[in-house]
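The opening position of the sequence shown corresponds to residue 1 in the working numbering, with each subsequent residue numbered one higher.
Just so it is clear, CB atoms sit at the ideal spot from N, CA and C, and this is done for glycine as well.
These figures come from a predicted structure and were not determined experimentally.
Here is the structure we will look at.
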Amino acid sequence: MGRWSSQPSEQHHQAKKAAIPGPFGLPIVGLLFVFTGSLTHRLLAKLSQSCKALLLMAFCAGFTRFTISSQPDTAKEILNSSAFADRPIKESAYELFHRAMGFDPYGVYWRNLRRISATHLFCPKSIASFGAFRREIGNKMIGEIKGLMCVKGQVEIKRVLHFGSLNNVMMSVFGKTYDFDQNGSQAHELEELVSEGYELLGILNWSDLFLKKNLNWSDHFPILGLLDLQGVRKRCRNLASKVNIGTDTVAILLEWILAGMAFSDLDHPHLPYLLAIIKETIRMHPPGPLLSWARLAIHDVHIGENFIPAGTTAMVNMWAITHDEKIWSEPNEFKPERFLDEEVSIMGSDLRLAPFGSGRRVCPGKAMGIATVQLWLAQLLQSFNWVPSDNGVVDLSECLKLSLEMKKPLVCKAVYRVRC
Ligand code: HEM
């Protein structure tokens, strides 16, 4: 069971048949191994290239049939097709979020959630109305960083950013705020719950199969689900009973940006350059390199001339697209200037760089996410000069969980710019 047959079912016999290229995997497990490492996006990009399957590649993992695109036009066709408006069922997501928008099946309930949140949470007026609050969180982060620098002489920024980001979501959605200094408090418990939720959801990068409970085998071998050998369901139920988890992508993106800043001698970048830095970081380290949440074919459908049967999980390899040298010159170089020369929208219309996805299930928090990243980055750069810690090392290795995180959390020095 490696590459799946792309032959159409009975009613499609008349339709044009074209076999989707793809690697032959191992019997039964297929290509399950690609999901067991922390660099799945890079491995899939290599496979798509070696199989000459950038447009579409087909493969199986256990009983799950996958197709993945590493090319903007095909990616757009998939993400914007109503046939792919559903999400595949994932046990951890079901246990944690089965009534939440991101994992809800395409239908009336999901449509209502989208509509209500678009009107009350993600509309420009709401985003603007939380501006002062976002700034206040930014100032609290600055205070926290100053304190950490006094005590330790360096700062592990991830924790500060996660806390700020969590606070932002909790305030925007539930009207609740937390303080950094509430040690051992509800706030820190919440932060740990979010981290655990991310771990449970991030099936694509999980490495140590049984011991670390990483890859949830029952997602691909349903019979194993009855047994819950890895205890994923148990952990999810414990977690879901405690909290509904917000999103952490903003913190992860900012950590990547600051890692890049530690090597740069930028003083006070002007707004267009700040935006260009954000876009270039997103291009190099797209927070959802496989767009995090895959799509499920609701019914049989054609993508180009290729037949995709109902029930296929479709993915877009955004990382492969943003590192394709036919699309981006010198794709492995950090060159924010490229976005000064050419206006590239990152909101989903241009699939060369679509970190928020596209189509019906595009990220509804995209405007809020970008507004937050932009403001906090400006505040953090205005207040501090970011330099490597004493060992001079900033390790840019990646680790794919639900989002693409830094393998080693960034530890650097934040040198305060203004002296009192
Ligand atoms: C830098 C920040 C962010 C990035 C890179 C990001 C990325 C994504 C991506 C790639 C998707 C899947 C889109 C698709 O399937 O086409 C998504 C969906 C989603 N995002 Fe975001 N996101 C960010 C911030 C946020 C924020 C701040 C919120 C809310 C406070 C949010 C809420 C959601 C929800 C609810 C969905 C599911 C939508 C659905 O299935 O209908 N995101 N996001």
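Rounded to whole angstroms, the gap between the alpha carbons of residue 106 and residue 31 is 28 Å. Assignment of beta-bridge partners to residue 388 by DSSP yields 412. Counting the other CB atoms within 10 Å of its CB gives residue 86 a total of 16 or more, which places it among the buried residues. Exclusion of the five residues before and after residue 22 leaves 3, 51, 53, 57, 58 and 59 as the residues of its chain whose Cβ lies within less than 7 Å of its Cβ. Looking only at 131, 24, 318 and 37, the smallest Cα-Cα distance to residue 374 is reached by 131. Note on residue 24: under 16 other CB atoms within 10 angstroms of its CB, so exposed under the neighbour-count rule. Per DSSP, the continuous beta strand (DSSP E) segment holding residue 65 begins and ends at 64 to 69. If you draw a straight line from the Cα of residue 254 to the Cα of residue 134, it is about 14 Å long.
The way I'd put it, the segment 383 to 395 doesn't touch the segment 269 to 276; fewer than three beta-carbon pairs between them come closer than 8 Å.
Taking residue 76 as reference, the option from 156, 351 and 48 with the minimal CA-CA separation is 351. Here the alpha carbon of residue 322 sits roughly 22 Å from the alpha carbon of residue 84.
For the segment 99 to 176, the full-length alpha helix (DSSP H) segments reaching 4 residues or more read 108 to 120, 124 to 129, 131 to 152 and 157 to 174 along the chain. Non-local beta-carbon contacts of residue 294 in its own chain, meaning distances under 6 Å to residues more than five positions away in sequence, involve 88, 313 and 315 in chain order.
Taking a contact as a CB-CB distance under 8 Å, the pair residue 413 and residue 387 counts as one, their CB atoms being some 5 Å apart. Three or more Cβ pairs drawn from the segment 278 to 298 and the segment 247 to 267 lie within less than 8 Å of each other, which places the two stretches in contact. Taking the Cβ atoms as the reference, residue 331 lies roughly 16 Å from residue 404, outside the contact range of under 8 Å.
Annotated three-state conformation of residue 308 is strand, per DSSP. Not one heavy atom of the ligand HEM is found less than 6 Å from the C-beta of residue 399.
Collapsing the DSSP output to three states places residue 406 in a strand.
When only Cα atoms are considered, residue 46 and residue 324 end up about 11 Å apart.
The three-state reading of DSSP puts residue 316 in strand, counting E and B together.
Residue 394 sits in coil when the DSSP states are folded into three classes, being neither helix nor strand. With a threshold of 6 Å, the Cβ atom of residue 79 counts as near the ligand HEM, since some heavy atom of the ligand is closer than that. Judged by the Cβ position, residue 356 qualifies as a neighbour of the ligand HEM at the 6 Å threshold, a heavy atom of the ligand being closer than this. Between residue 346 and residue 279, the CB-CB gap stays under 7 Å. In terms of Cα proximity to residue 114, the closest of 360, 376, 415 and 372 is 360. For residue 302, there is no enclosing alpha helix (DSSP H); the residue is part of the beta strand (DSSP E) that begins and ends at 301 to 303.
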